[in-house]
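The block underneath contains the structure these notes are about, expressed in structure tokens.
Residue numbers (this note's numbering), protein chains in the order written: chain A, 2 to 382; chain W, 1009 to 1521.
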């Protein structure tokens, strides 16, 4: 249909701008490498780009493993963005979700085959609760969600630390972290261990992808998504249209929190030796999620790609150490990419203007095909 | 007489459109020159060229016969060109004096020297009969006074050519008369005035000559005395336009909207006064009732109280005999109420949605457009295409156009289409033609009359006397939140209506209709 073609075109613009942001970010990263150690810059740069592939199929499995939580936290933040809310509380929702999963994973051992599912549900419910509070405050008392969500981050972190420590069955005194979850509570491999031999990858990535697709449908195909986006774009007009905007705000935060909680559950049930450590640090996955959402332009499907891409860079970044670089360099490069993706909109406008100026339709088509190839290539990686 | 400014054969292109196509504008010294054109005709572009914001592809600008290059507003200022913008550029918590000298303060040893400036301003104010108090704060003075401050700003900078960009849009009838007098005073003192507007009768009243643009093209320059309103509007729109709303006698029947003793409290802090005070009125099937009043007399709050967007302190609202005072916005929207809101960007449209999605903003939840919570996009676009066809909504990409990219007139048409196509019983139209040009105004008025004849009850809120007199079958005047008069447009004059609106006249006793 006619209208579908048009929407695809505009999303291509977004993709082009994100690609541009990535290119500049990488260039900048290279300059940083040059500045810190000129002789090793080229091999270092190659390590960023290809490091994740060093160990072949296992490396790729690792990328997906790293990508799983940040895809979901990215989706969580992006979903809230779409409805006009800035969920900076992803970190707190993530950790209380993780706690819920770990608690069920350790304590409710009589569940058998559905143990991991119940554990994930606990993660979702606790995450949702942590999103609900700022949502409620925003809707009813017009408290800025950024402030209340930041508070909830700290409350979440300390409550989790305190409870884990205080409740003996959960706590491993020697290592100052939570105990192992029961084997039945670990996320099943879903056959992925046969494909990505030797990696930590499990069914979590499949769950994440399913949730991404689900959210894509909710946002774009349902009246619920229509309402949420309308509230995000224009609260007054939504009110005028009879949309219950308070309900929309609360539900949006609840869903956003649930997704972050799920991210925490998936990571801590992975069975890869990840435990809740008793340290006073906010979970970084939540903040990486903000970056992923920005780079993915708050669009579920592109968030998926952005999450995998950032995970890929992070995986490559570990190999930088071989060339006497510190891994912080990779953080800087990722940050630069994010920084430029904030300009993504501006770049988008620029591209549109260039297109109308120079490209006729034929060239536009070529551009599209090229873009598609780019995505394709990224997918392969 | 000679030309003080000549813009000769100006052509300015933007990607995809020619905004100005070989346009010539020549202003004589000491004349009031009207500049007429529909929205999007290219008036603003030409002014931006004059102020150096755009460089034209072709053409030249001459000032007093000499060719000049204008590359920035500073150049324009140097050549004595000044502009009163439609939206004033004043600092609200500064005094009049501070605002006028802002940007060219006289400084001595790092300290401000205001005395000379004050003298000059008082002198100018007296010379041109502006009566502005230099020490009043901008936020304390009326809109009309603020406009005079803008005029003084230009005079203070010794501008010879004064451009007024739709200056009357924000003024009350009395203020408009005063502004006309001021403009005449200015040209008498040797200034030249360019008067941008699309109100024809104002041009007739005050202008000497008039240049008309249509869709980026130069149509002609005429002596205002030689043409009548119809001819001017035909030049502007390109076809014959009916300036008077054509409508037959109203035959009101059953009461549809019944508002009883409505009171709305002010939400602004520290204000205890009721913004709507004990308003009672009825609107019946088959009539158009206009609420006339000066902006800010409680119209917005009254409409919001009826639609449910705002709160109510006491009183009740009935639609078709049903008490809907406490019902939700959605309930009212689906039970016969249509609302064309005052601010189309704030309330009327989700600007980042495309046209199709905006056209179902009040209906997306209906069976036709969704199935168990899933949008039926094909049905939505089909419906949108129908409305686009029926209401002639023009946009770049049809149903797919983002409404933010559409022109104001077409945005308003989209809202009108959405609201009227629901077959409503009662239509609340708040300033339905604000900022639109003659063609679009004619169209929207026609649609409203059609709805009336089909048996809808229509309540129009308007600040424009012409619209009130033309469109309404009955006039309610609102002043400080109270309905002070219930009038028959055939039996009163514009002047009388103006007096009611200004609160200097009231109808005795209660009004039942």
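A virtual CB, placed ideally from N, CA and C, is assigned to each residue, including glycine.
Sequence ranges, beta strand (DSSP E) only - wholly within the region 122–203 of chain A, length at least 3: Qualifying beta strand (DSSP E) stretches: none in this window.
Among A:39, A:35, A:76, A:273, which one has its Cα closest to the Cα of residue 1 of chain A? For chain A, the structure presents residues 2 to 382; residue 1 of chain A sits outside this window and is missing.
Supposed close pair residue 1317 of chain W, residue 1284 of chain W - CB separation, criterion 8 Å: With a beta-carbon spacing of about 13 Å, residue 1317 of chain W and residue 1284 of chain W fall beyond the 8 Å limit used to define contacts.
Look at the alpha carbon of residue 127 of chain A and the alpha carbon of residue 154 of chain A, and state the distance between them as a whole number of angstroms. Whole-angstrom Cα-Cα distance: 13 Å.
Look at the alpha carbon of residue 1062 of chain W and the alpha carbon of residue 95 of chain A, and state the distance between them as a whole number of angstroms. The C-alpha of residue 1062 of chain W lies about 52 Å from the C-alpha of residue 95 of chain A.
Residues of its chain near residue 1075 of chain W, where Cβ-Cβ distance is below 6 Å and the 5 sequence neighbours each way are ignored: Around residue 1075 of chain W: 1068.
Establish whether the CB of residue 1152 of chain W and some CB of chain A are separated by less than 7 Å. Chain A contact via Cβ: absent.
Starting from residue 1456 of chain W, follow its DSSP beta bridges and name the residues at the other end. Residue pairing by DSSP leaves residue 1456 of chain W without any beta bridge partner.
What span of residues does the alpha helix (DSSP H) with residue 220 of chain A cover, start to end? DSSP places residue 220 of chain A inside the alpha helix (DSSP H), whose first and last residues are 205–222.
Considering Cα atoms alone, identify which of W:1224, W:1320, W:1234 is closest to residue 1054 of chain W. Nearest of W:1224, W:1320, W:1234 to residue 1054 of chain W, Cα basis: W:1224.
Contacts of residue 1370 of chain W in chain A (Cβ-Cβ under 8 Å): The answer, in chain order, is 242, 243.
I think residue 1511 of chain W touches residue 1488 of chain W, with their Cβ atoms under 8 Å apart; what is that distance to the nearest whole Å? The beta-carbon distance between residue 1511 of chain W and residue 1488 of chain W, rounded to whole angstroms, is 7 Å. This is short enough to meet the 8 Å contact definition.
Under 8 Å from the C-beta of residue 227 of chain A: neighbouring residues of chain W: The answer, in chain order, is 1365, 1372, 1383.
Do you know offhand how far residue 293 of chain A's Cα is from residue 315 of chain A's? Cα to Cα, residue 293 of chain A sits roughly 13 Å from residue 315 of chain A.
Anything in the region 1328–1356 of chain W with a Cβ closer than 9 Å to a Cβ of chain A? List those residues in chain order, please. Correct list: 1336, 1337, 1338, 1339, 1340, 1341, 1342, 1347, 1349, 1351, 1353, 1354, 1355, 1356.
If you follow the beta strand (DSSP E) that residue 1494 of chain W is in, where does it begin and where does it stop? From DSSP, the beta strand (DSSP E) with residue 1494 of chain W extends over 1490–1495.
Residue range of the beta strand (DSSP E) that residue 1205 of chain W falls in? Here the beta strand (DSSP E) through residue 1205 of chain W covers 1200–1205.
Listing by chain order, which chain D residues have their CB less than 7 Å from the CB of residue 1378 of chain W? Note that chain D does not occur in the displayed structure, where the protein chains are A and W.
CA-to-CA distance, residue 23 of chain A to residue 35 of chain A, given in whole angstroms: Answer to the nearest angstrom: the Cα atoms are 18 Å apart.
Compare the C-beta of residue 168 of chain A with all C-beta atoms of chain W and state if any pair is closer than 7 Å. Interface residue (Cβ-Cβ distance to chain W less than 7 Å): residue 168 of chain A is not classified as such.
Spatially closest choice to residue 1127 of chain W from W:1089, W:1286, W:1109, W:1117, by CA coordinates: Answer by Cα proximity: W:1109.
Which value, in whole angstroms, describes the spacing of the CA atoms of residue 1207 of chain W and residue 1044 of chain W? Rounded to whole angstroms, the separation of the alpha carbons of residue 1044 of chain W and residue 1207 of chain W is 8 Å.
Give every residue of the same chain whose Cβ lies closer than 6 Å to the Cβ of residue 1181 of chain W, excluding the five residues on either side of it in the sequence, and list them in chain order. Non-local C-beta neighbours of residue 1181 of chain W in its own chain, meaning closer than 6 Å and more than five positions away in sequence, comprise 1473, 1506, ordered along the chain.
Spatial neighbours of residue 1190 of chain W in its chain, beta-carbon cut-off 6 Å, leaving aside the 5 residues before and after: Close CB contacts of residue 1190 of chain W within its chain, under the 6 Å cut and outside five residues either way in sequence, are absent.
Taking 6 Å as the line, does the beta carbon of residue 1046 of chain W fall inside it for any heavy atom of the ligand FAD? In terms of ligand content, the structure shown is empty, and the ligand FAD therefore cannot be addressed.
Mapping the DSSP letters down to three states, classify residue 111 of chain A as helix, strand or coil. Residue state, collapsed to three classes: helix.
Would you mind working out which of W:1216, W:1467, W:1173 sits nearest residue 1482 of chain W, comparing C-alpha positions? Comparing Cα-Cα distances from residue 1482 of chain W to each of W:1216, W:1467, W:1173, the minimum goes to W:1467.
Give the secondary structure of residue 1122 of chain W by DSSP, where H, G and I count as helix, E and B as strand, and everything else as coil. Three-state result, residue 1122 of chain W: coil.
Helix or strand or just coil, what does DSSP make of residue 1151 of chain W? Three-state DSSP puts residue 1151 of chain W in a helix.
Please tell me whether residue 223 of chain A and residue 1373 of chain W are closer than 7 Å, where the distance is taken between their beta carbons. 7 Å or more divides the Cβ of residue 223 of chain A from the Cβ of residue 1373 of chain W.
So is residue 1462 of chain W in contact with chain A if we call contact Cβ pairs under 7 Å? Nearest CB-CB separation between residue 1462 of chain W and chain A: not below the 7 Å threshold.
Closest Cβ-Cβ distance between residue 238 of chain A and chain W: below 7 Å? It does: the Cβ of residue 238 of chain A has a partner Cβ on chain W nearer than 7 Å.
Which bits of chain A does residue 1391 of chain W rub up against, with CB to CB less than 7 Å? Neighbours of residue 1391 of chain W on chain A: none; closest Cβ ~13 Å, over 7 Å.
Along the chain, where does the alpha helix (DSSP H) that runs through residue 1083 of chain W open and close? Taken as a continuous stretch (DSSP letters only), the alpha helix (DSSP H) holding residue 1083 of chain W covers 1081–1086.
Test: residue 1433 of chain W CB closer than 7 Å to a CB of chain A: Under the Cβ distance rule, residue 1433 of chain W does not count among the residues neighbouring chain A, no pair being separated by less than 7 Å.
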